[in-house]
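One structure is given below, encoded as structure tokens.
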Amino acid sequence: MTDQTKSSTPAKPPFWRDPDKRALVFQGVFLLLVVVVLFTLIRNTMLNLEARGISSGFGFLETSTGFKIAETLIPYDESSSFFTAFLVGLLNTIKVSVIGVFLATILGFIMGVARLSKNWLVARLSAVYVDTLRNIPLLLQLFFWYFAVLRPLKNPKQADNFFDIIFLSNRGLYGPKPIFEDGSGLILFALIAAIVGIIVLRIWAKKRMENTGERFPVFYTSLGLIIGLPLLALIGTGFPVSWDIPELKGFNFRGGMVMTPEFSALVFALSIYTSSFIAEIVRAGIMSVDKGQTEAAYSLGLKPSWTTRLVIIPQAMRVIIPPLTSQYLNLTKNSSLAAAIAYPDLVSIFAGTALNQTGQAVEIMGMTLAVYLFLSLTISSLMNWYNASKALVER
Amino acid sequence: MTTQKYPVGQHPNLPPPNNTVGVLFWLKENMFNGVLNSILTLFSFYVIITLLPPLLKWAIIYADWTGDSKDACTKDGACWVFIRVWFDQLLYGRYPSDSIWRINLSYVIAIVAAIPLFFSAVPKKIKLVLAAFLLVVYPIICFYLYYGGGFGLEVVETPRWGGLFLTLVIAVSGIVLSLPLGILLALGRRSNMPVIKSFCVVFIEFWRGIPLITVLFMASVMFPLFVPESLSPDKLLRVLVGVILFSSAYMAEVVRGGLQAIPKGQYEAAAALGLNYPKSMILIILPQALKMVIPGIVNTFIGLFKDTTLVLIIGLFDLLGMAQLAATNPNWLGFTVEGYVFAAVGFFVFCFSMSSYSQHLERVLNTGHRN
Amino acid sequence: MTESNQRELSDEIVIRINQMHKWYGEFHVLKDINLEVTKGERIVICGPSGSGKSTMIRCINRLEEHQQGQIIVNGTELTNDVKNIEEVRREVGMCFQHFNLFPHLTILENLTLAPMWVRKVPKSEAEATAMHYLERVKIPDQANKYPGQLSGGQQQRVAIARSLCMKPEIMLFDEPTSALDPEMIAEVLDVMTTLAEEGMTMLCVTHEMGFAKKVADRVIFMDAGQVIEQNTPTEFFENPQNERTQLFLSQILGH
Amino acid sequence: MTESNQRELSDEIVIRINQMHKWYGEFHVLKDINLEVTKGERIVICGPSGSGKSTMIRCINRLEEHQQGQIIVNGTELTNDVKNIEEVRREVGMCFQHFNLFPHLTILENLTLAPMWVRKVPKSEAEATAMHYLERVKIPDQANKYPGQLSGGQQQRVAIARSLCMKPEIMLFDEPTSALDPEMIAEVLDVMTTLAEEGMTMLCVTHEMGFAKKVADRVIFMDAGQVIEQNTPTEFFENPQNERTQLFLSQILGH
Amino acid sequence: GATLDSIKEKGFIQCGVSQGLPGFSNADEKGNWTGLDVDFCRTTAAAIFGDADAVKYTPLSAKERFTALQSGEIDMLSRNTTWTQSRDTSMGINFAGVTYYDGQGFMVRKDLGVTSALELDGASLCTNQGTTTELNMADYFSQHGMTFEPVVFEKSDEVVAAYDAGRCDVYSTDASGLAAQRTKLAEPEAHIVLPEIISKEPLGPAVAHGDDQFFDIVKWSIFVTVEAEEMGLNSSNIKAAAANKDAAPAVKRFVGAEGSLGENLGLEADWAVNVISQVGNYGEIWERNVAPLELPRGLNNLWSKGGIMYAPPLR
Ligand SMILES: Nc1ncnc2c1ncn2[C@@H]1O[C@H](COP(=O)(O)OP(=O)(O)OP(=O)(O)O)[C@@H](O)[C@H]1O
Ligand SMILES: Nc1ncnc2c1ncn2[C@@H]1O[C@H](COP(=O)(O)OP(=O)(O)OP(=O)(O)O)[C@@H](O)[C@H]1O
Ligand SMILES: [Mg+2]
Ligand SMILES: [Mg+2]
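Next up, the structure:
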């Protein structure tokens, strides 16, 4: 038998019939094509820029902008650099996204659960909510919230006044802003202590339950701690906090904290629109958990509330997380519609005003896209990581 | 309680006891069982009662319906005269009114050709022919009808396209053309050739990671920077290309889901029968995968349909853009809300019917595995 | 037929069902059910598909609600009262056709969850009990795996152990073997037989007639929502009274 | 044991496997396989789960790639050469455990697809052939149904007919009956027996020992990636040489 | 140059205009564009093709306009754009002249009782994104030690809507723009324009770097309209003047009967006749477009009449 064997490795066919080699050649050609196309695009852009004498490079980032921005999270004025303006826009984008995601999640979960409610009326209402909001374009909703809600609001002189500290007008919602004076460090300390305390409490309560089976009202105790401790510190140090209360001076309120109509409309529209999608995701997630799971839990004697918490939610979350991630991504990207209603987000400030003042479209759009890609990849990798850690183990 | 005894096994079916059926019982079971539920029910009633009557008053009872100028709007409610006067523009943009029949004709053709696709009694062959017509021949007819030129049709430049018509043009061509691209990308992403695979991954993740308005901005004003000067296609065309690339990335992910759901055995059976890669894809895998993801495709389409409103930011006037334009006409100031409501209803009708259809399909596809 | 399962029964009644009726909407699914189960009794329920077997035993731990008549379990009457329901469910264990293990928890966690939350047993004790029952069902080595990693037979045995961990007075089984491959059926029936021999009160819906003959004190035959016949296995199989029973037996044994 | 299947075999060798090895990653799944199959020979392959039976027959039509040694089918060596692979696949039909019919095509379309696209047979002719084979497997009346509408046994018979429509020289079967209910197993084995009696070269992985005894010319026993024993069925069942074979036979026949 | 060649090849000029500013560039229901800025697209088309209608319009937001011009998406930008040094140089564009001398102003509601911009400390200002307005406001307010809240929209229609809805106290843009946008307010009479003009805003068409010949053509098709007004030539008498063999030498040069003005630009000899006969002289353009807004001619009058509109000699 051995003498029949010419070689122990199979003979080699000509390369065009060998799938491995064919694949190599194909990929080589494809790669070449991609490189050529990319190269041509870049070369063209360079040539075009040069031919038209448009300045290029990132030098502009250091020059001062000369324009003002209404809402900033970091110090910024006309003499700040374009890079600072970029950061201002980026932070504003992150701000609306984070708040929007937070609200959309809460609202979405409520609506999703409501749609499964045994209460017929509640289920119907939430179905109407979901079906209406997800079938109307976001931009339209944005305009609606901005213009329809702005109009009926009064001007600052006739602002709706709540206890002389909160004012609602067409300039936004003004409220008092805490100013921490000397000794307020203790309050921060108390807050940290409360958080540490809660963590310790949770661990202790879990241990105790494991050891004795007794349960401890962790949630309410935590709530008490996080409010009570700083409050105690506040009283103990004799209220070293003063409030900057908004006051009507001239045209507008001065001082205090403000939620502008632009910000509110954007957050409103984004979170309501997204919540209608999240509601559907949550509903599908809960429905994906087999009825048998509930029955098994009931027949073991678990109460409905425990069943939901220990059996249904953990299983539903696995189904919910992946589509929820894409909704978070969508919300973040959709926050770029801010430009339409004057909220100074990244696209509005940087890819808008700054682009126009400098004329350096390529650099600015490049940076903007890079930021969005970075945000998207961050969110999705966080969620993927979470998801992988919770994946069901199967055979 | 009846204590009447029946012989063993002869117990008749009795109606359920009174306290477990009827309207009152239903109300109690579904709306007022327990304190919490009763509160929720009352709260819901409150919501309905505060929202509905004012809405009805505004939209119907105190609304103006007849007339042809702003002066006809005398009542407190909505002025639907505004919509009536601008109706053609909202639907067709600035398309010349004596040519609107061209657009309507294309709608009629589409509807006539598409209806048989929804009846299972129609033979598969005819369906295939119709689908091929709709996907290949029909777009050409449409382009000719819309743009004109030659054979006696007057040219209508794309800047005059607008309203719902433009919305449909962008959304439909976006979805139809992004499907093949999406399929290629999905296949590429599942390929075991590293170069192809990474290209597809990067391509898909790139387009999914950036906001559509930046894409539209680049397509509408930056595009000529990237290409040689000689290349300068129409703005609408460039926007379409942007939209197609954008939605193809989403489409790719939808199709990939379908491909993943095809059991390995199907690939193996195809291979064992001697079908090569392209043949087994076209004949075996894709038909199954695509059928499975029709709901996903419809959902992508709905998303795209709504996203077309963003073109108003770059100066194309879709349905919403037209509504805004009409509301800023000096002769018709003050009817912004009517314009928005009309646009909202328009979008809602389209999107809601499509999403109901896709949910219906989902149910059919889920349960219909055995035929 | 072996007579091994003819034995003295206590006369303490743990389940009493009294003229019980149930409707699904307009559909009269259970009709005038009367049943008394004494402590330690082993009852097998059989009957054609759709006859209401599952519905009946699900009424016993109030997974379904009955509309007329009484069900009294261990002295507690099942009404709308949540407290009663909880009490009964603590005392009654149930195994389902599709096991219904919690897929996101390990086997051990599946077994300790209810004792810790419902009976407030400390974790270490709950785990000891869990391991004990896992040994009883012969799979202690799988304790840290997830349900998805076990075979069907193993999963069903875990499900039985999970119920047992609650130390129930009564066990209900709803076709525990009908979703299993033949080799696995044997494993599960083995466990159930051991349980029966130890004196657990059991109500078991099953078509495994071998099991019925071997362990049941009483076989109940249901059809169209009614109890048609009940008897000792010997009598039931050898000498069925009702013609519907005869028909059913001829079908099921001839198969 | 019947001797009905002892008959003259041609000495034309259609499959030659020569010192063949295969790895999955680091895992050595097939070790030094040597096998010669003559035209018309019927071979049954058995062995414990995971022993590499499926992998071996899947290597024969290159659904899996081997890394060392030679496989020559009908004079064509299986290498990376696409042309050779296509040639071999045209000559070798295969039936899978889960049938793998194409659910979006009717039975008739399932049967005509490959002849039309691979062998470029005109449609009318392909349909005639298809109907012929559907009659052979006794379900011509199902031609216009979809696979989802047939029972498992019917589906498997369609799968066999689908392979036959390509007029293969050799048929491979990978546990064709193990996903079927007992009643359906008989239908499928019937068809396979007829096929065997008509002189088709067959390699069949199966645990149906009755079938093996009735039709096989040779039984091959595999364990841990190796061919442990091969012999005529009579010898194999009555007088197994290797102790692993004995153990396996005792398990499978005792079951 | 390249731009001119591609224009000639296409047969029309792609002209970037605003998305709707009455008097400057505004489209009617049918999509026909009118306005001062539009007319200067038309003068260029008349000069090159002898046909003022050989223009296609691209409506652009302020934010898009320079990118569109840089990229070649449009051939010329005639969109109430302020000529500034940095735009002229680093953005790679050339301003071809000034068609309207403007300055930034403020509009407020009458009932606010404000009479001067110096009383605007702390006010909210609505304006358009991507304009010199944003920069001027910042300068002006900090110069006078005042603060303000900018509310900056992408499209001017949205600015008007937000101002009308009461989001801002002040609407700031070029004075001409204020007059134009005021017509879009629900009650135009309820608003006043404050007297302060805080900046110089010379508005005019721009072209991209790289084609001097086209640049010259755009530039001189503006100048001929001013020169024509000064010479008393207008759309109704220009044809007669061209036919008149005994006209003054300057007129003869103007209509191309003498000299080589057209040839210098690479155009037909009668290019200026086409411009004036089809579009009109500057005065006519003004009367047609700007006068209805009730804006005074002011600086935009001829130098000989107290303004600063002044065309270099055509010789
Ligand atoms: N939730 C429900 N709503 C309405 N009808 C139901 C419901 N559950 C069961 N039924 C009906 O009640 C009848 C009895 O069902 P049940 O499941 O108790 O039968 P079974 O004897 O257990 O049958 P099987 O042997 O098939 O499990 C059947 O006709 C069934 O269709
Ligand atoms: N794609 C694969 N990658 C890695 N290992 C594999 C793969 N396919 C099979 N194996 C392993 O190779 C071994 C042989 O598998 P094979 O399917 O050939 O066994 P078998 O004899 O057919 O078993 P069975 O009777 O269960 O079908 C098994 O241990 C299996 O786990
Ligand atoms: Mg049942
Ligand atoms: Mg196998």
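Residue numbers (our numbering), protein chains in the order written: chain A, 137 to 531; chain B, 134 to 504; chain C, 1051 to 1305; chain D, 1051 to 1305; chain E, 48 to 362. Backbone N, C-alpha and C define an ideal beta-carbon position, used for all residues, glycine too. Remember, predicted model here, so these are calculated numbers, not experimental data.
Beta-carbon neighbours of residue i, restricted to chain C and to distances below 7 Å
| i | result |
| --- | --- |
| A/Glu198 | In chain order: nothing, as chain C lies at least about 53 Å away. |
| A/Pro450 | His1154 |
Contact set between residue i and chain A, taken where Cβ atoms lie within less than 7 Å
| i | result |
| --- | --- |
| C/Arg1268 | The premise fails here: C/Arg1268 is roughly 23 Å from chain A at the closest Cβ pair, so nothing lies under 7 Å. |
| E/Met9 | No statement about residue 9 of chain E is possible, as the shown extent of chain E runs from 48 to 362 and does not include it. |
| C/Asn1124 | Here the premise fails: no neighbours, minimum Cβ distance about 13 Å. |
Supposed close pair residue i, residue j - CB separation, criterion 8 Å
| i | j | result |
| --- | --- | --- |
| C/Met1002 | C/Ile1095 | Outside the shown range of chain C (1051 to 1305) lies residue 1002 of chain C, about which nothing can therefore be said. |
Residue i versus residue j: straight-line alpha-carbon distance, rounded
| i | j | result |
| --- | --- | --- |
| A/Pro150 | A/Phe166 | 21 Å |
| D/Asn1124 | A/Ile456 | 54 Å |
| B/Asn432 | B/Ser488 | 7 Å |
| A/Pro155 | B/Asn325 | 12 Å |
| B/Thr441 | E/Cys215 | 30 Å |
| D/Ser1239 | D/Gly1203 | The displayed chain sequence assigns Leu, not Ser, to residue 1239 of chain D. Using only the alpha carbons, I get a separation of about 10 Å. |
| E/Ser245 | E/Asp168 | According to the sequence provided, residue 245 of chain E is Ile. The question's Ser does not apply to it. Spanning the two alpha carbons is a distance of roughly 15 Å. |
| E/Ser219 | E/Thr180 | 7 Å |
| D/Pro1172 | A/Gly428 | 53 Å |
| B/Ser239 | B/Phe266 | 13 Å |
| B/Asp221 | B/Ser202 | 15 Å |
Cross-chain neighbours of residue i in chain C, by beta carbon under 8 Å
| i | result |
| --- | --- |
| B/His493 | Per Cβ cutoff of 8 Å: no residues; B/His493 is ~25 Å from chain C at best. |
Proximity test, Cβ basis, 7 Å: residue i and chain E
| i | result |
| --- | --- |
| B/Val354 | yes |
| A/Asn306 | yes |
| B/Thr81 | The structure shown has nothing for residue 81 of chain B, since chain B only spans 134 to 504. |
Cutoff 7 Å: residue i Cβ touching any chain B Cβ
| i | result |
| --- | --- |
| D/Val1087 | no |
| A/Asn611 | Absent from the model: residue 611 of chain A. The displayed extent of chain A is 137 to 531, so no value can be given. |
| C/Ile1278 | yes |
| A/Ser233 | no |
| A/Lys469 | yes |
Contact set between residue i and chain D, taken where Cβ atoms lie within less than 7 Å
| i | result |
| --- | --- |
| A/Pro155 | Asn1130, Val1132 |
| B/Lys412 | Trp1167 |
| B/Gln393 | Residues of chain D passing the Cβ test: none, with the nearest at roughly 16 Å. |
Residues that residue i contacts on chain B, provided the C-beta gap is smaller than 7 Å
| i | result |
| --- | --- |
| A/Asp267 | Phe485 |
7 Å Cβ cut-off: residues of chain E touching residue i
| i | result |
| --- | --- |
| A/Pro397 | Arg214 |
Cβ contact (3+ pairs, closer than 8 Å) linking the region 72 to 85 of chain E and the region 219 to 237 of chain A: Between the region 72 to 85 of chain E and the region 219 to 237 of chain A, the count of Cβ pairs shorter than 8 Å is below three; the stretches do not touch.
Quick check: the region 325 to 339 of chain E against the region 275 to 288 of chain E, are there 3 or more CB pairs under 8 Å? At 8 Å Cβ cutoff, the stretches touch.
Segment contact, 8 Å Cβ cut-off, at least three pairs: the region 1245 to 1259 of chain C with the region 1081 to 1094 of chain C: Output reads yes: the region 1081 to 1094 of chain C touches the region 1245 to 1259 of chain C.
Three Cβ pairs or more, each shorter than 8 Å: is that satisfied between the region 297 to 305 of chain B and the region 419 to 438 of chain B? Contact between the region 297 to 305 of chain B and the region 419 to 438 of chain B is present: 3 or more CB-CB pairs across the two stretches fall below 8 Å.
Touch test, the region 1145 to 1162 of chain D against the region 1220 to 1228 of chain D, Cβ-Cβ under 8 Å, three pairs minimum: In this structure the region 1145 to 1162 of chain D touches the region 1220 to 1228 of chain D; the number of beta carbon pairs closer than 8 Å is three or more.
Could you check whether the region 471 to 482 of chain A touches the region 390 to 400 of chain A, counting it as contact only if at least three pairs of C-beta atoms, one from each stretch, sit closer than 8 Å? Contact holds: three or more Cβ-Cβ distances are below 8 Å.
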